[in-house]
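First comes the structure, then the notes that go with it.
Residue numbers (UniProt numbering): 1 to 476.
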């Protein structure tokens, strides 16, 4: 049997000289040439690829999502000449030892660079974040930060296809002009879905303008990537008061949906119903310059080098004015009805709900009050475990948290009105629980509440569950 001839060629590479502090400079990169054999060893399942386009991830050696042609393969799923996209290096040729992560390109009637964008990881990110995490409804108000980047420009168009009202933020006048072409509209009535790409001050501003039960798919925080000390977010309390669901996600979890995504988006591309803007530089040696152009916000659309695809950074918006404080002071309380014209309440009834800090209150909307049916427990419990605090703990832990037996639970403010109940609910679920509190006394109290929960809570818990059932039956 003739010995196999192994071809060895020069391989141009872009290398990161050292770990970065702050924004990268061209001097942080080195363009070098090495040698590589363009065949795989017999019996190996590796693949050798030739680079066409790719996306930057800053590591050493530099790797990113790219489009490549298979030069040689020992893997049954790939053969010489196949076009693929997946994670590869900033180099002309790469030896891929785990080719299972590559996806074969079946559709070549669109630009191949699209597989680093709309038909690749950024496209799947936009699809998963908007449709799967954002759960959009027709007519909703959508705000997209970094709206002219690789992901954001698609989210805006998906929202328009869903008949949503869309507005996007971008980092320059040129980008705003391009966005206006996409027919984005203003959002005068608040935001139902915020597709989060920026973080920092932008997130702070948006939180104040979210509508009730809004959703925030957390895709990226590009305003924070190159800061030595990241910025804090001050308006997170809006997540609670407006019942906002903010969910971070990674596209890798949604790759099983890729065939479904292609079925949706390819016809839209071919029919011209979706457009995709690319900012193309030529030559692998220009990859560092393209990266700096990207991070300084000078790219228009998706930054692509005829071997590299990048992300973009946008400026943040300013924070809007805070909400006014309500007067007079009100809060949840337990009270006895003195007089009533409502059929649901009569003189002498015990109730709990929102009332004033005063001996007597005139309640003009008694529909917000709940009649107390169980008096064999302390009435004060209806301002705690059997009231708003208890329901908050129940809904947050069971409905939102979706706990499973044996999971690890951490509760902040664990000795507070809500936190002490979450800890005990977690123990009832056979979870492992740790809580934080603001003093030694509170830490001791938290431990005692966990140790004594069977003695103190089970009777109240059965009443609490009965109360929840009544609440959902609409008795109030």
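Note that beta-carbon positions come from the ideal geometry of N, C-alpha and C, so glycine has one too.
Check	Outcome
Is the region 331-338 in contact with the region 348-355, if contact means three or more CB pairs nearer than 8 Å?	yes
Assuming residue 389 contacts residue 417 under a Cβ cut-off of 8 Å, what Cβ separation, rounded to an integer in Å, is found between them?	4 Å
Report the rounded CA-to-CA distance for residue 377 versus residue 386, giving the unit in angstroms.	10 Å
If you count every other CB in all the chains shown that lies within 10 Å of the CB of residue 209, and 16 or more means buried, which is it?	buried
CB residue 405 to CB residue 427, shorter than 8 Å?	no
For residue 55, which residues from the same chain have a beta carbon less than 6 Å from its beta carbon, with the 5 sequence-adjacent residues on both sides left out?	With a pLDDT of 49 at residue 55, under the threshold of 50, the modelled position of this residue cannot be trusted; read the value that follows with caution. Correct list, in chain order: 64, 65, 116, 309.
Comparing alpha-carbon positions, which option in 298, 160, 213 lies nearest residue 138?	160
Just grab the DSSP bridge partners of residue 250 for me.	Per DSSP, none; premise fails for residue 250.
In angstroms, rounded to a whole number, what distance separates the CA positions of residue 136 and residue 252?	21 Å
Do you know whose CA, among 375, 10, 332, lies nearest residue 355's CA?	332
Check this for me: beta carbons of residue 105 and residue 84, under 8 Å apart or not?	yes
Three Cβ pairs or more, each shorter than 8 Å: is that satisfied between the region 248-262 and the region 117-132?	yes
Report yes or no: is there a C-beta of chain C within less than 8 Å of the C-beta of residue 359?	In the structure shown, chain C cannot be found, because there is only a single protein chain.
Excluding sequence positions up to five away, which residues of its chain have a Cβ less than 6 Å from the Cβ of residue 408?	432
Distance check for residue 277 and residue 147, CA to CA, integer angstroms please.	12 Å
Can you list, in chain order, the stretches of the alpha helix (DSSP H) that have 4 or more residues and sit fully within the region 371-439?	388-394, 419-428
Quick check: the Cα distance between residue 202 and residue 217, rounded to an integer number of angstroms?	14 Å
Helix, strand or coil for residue 263 per DSSP?	helix
Rounding to the nearest angstrom, what Cα-Cα distance links residue 94 and residue 246 in this structure?	38 Å
Measuring only the C-alpha atoms, how far is residue 453 from residue 411?	Note that residue 453 scores 47 on pLDDT, short of 50, meaning its location in the model is unreliable; the coordinates nonetheless yield the value given after this. Computed Cα separation, rounded: 16 Å.
Given a threshold of 16 other Cβ atoms within 10 Å of its Cβ, counted over all protein chains shown, does residue 274 qualify as buried or as exposed?	buried
With burial defined as no fewer than 16 other Cβ atoms inside 10 Å of the residue's Cβ, what is the status of residue 142: buried or exposed?	buried
Using the beta-carbon count (16 or more within 10 Å), is residue 270 buried or exposed?	exposed
Could you compute how far the alpha carbon of residue 78 sits from the alpha carbon of residue 88?	15 Å
What residue does the beta strand (DSSP E) around residue 12 start on, and which one ends it?	8-16
Please go through the region 181-219 and give each complete alpha helix (DSSP H) segment of 4 or more residues, from N-terminal end onward.	200-209
I need the boundaries of the alpha helix (DSSP H) containing residue 84, first residue and last residue.	Looking at the DSSP string, residue 84 is not in any alpha helix (DSSP H); the run it does join, the beta strand (DSSP E), is 83-89.
Alpha carbons only, please: which of 359, 363, 62, 123 is nearest the one belonging to residue 345?	363
So, at 6 Å on beta carbons, what are the nonlocal neighbours of residue 369 in its own chain, with the 5 sequence-adjacent residues on each side left out?	351, 353
With DSSP as the reference, please indicate the residues paired to residue 335 in a beta bridge.	351
Look at the alpha carbon of residue 394 and the alpha carbon of residue 243, and state the distance between them as a whole number of angstroms.	15 Å
DSSP on residue 229, reduced to helix/strand/coil?	coil
Alpha carbon to alpha carbon, what distance is there between residue 220 and residue 166?	19 Å
Please list the terminal residues of the continuous beta strand (DSSP E) segment that includes residue 165.	165-168
Check the DSSP bridge columns for residue 148 and list the partner residues they point to.	None, per the DSSP bridge assignment.
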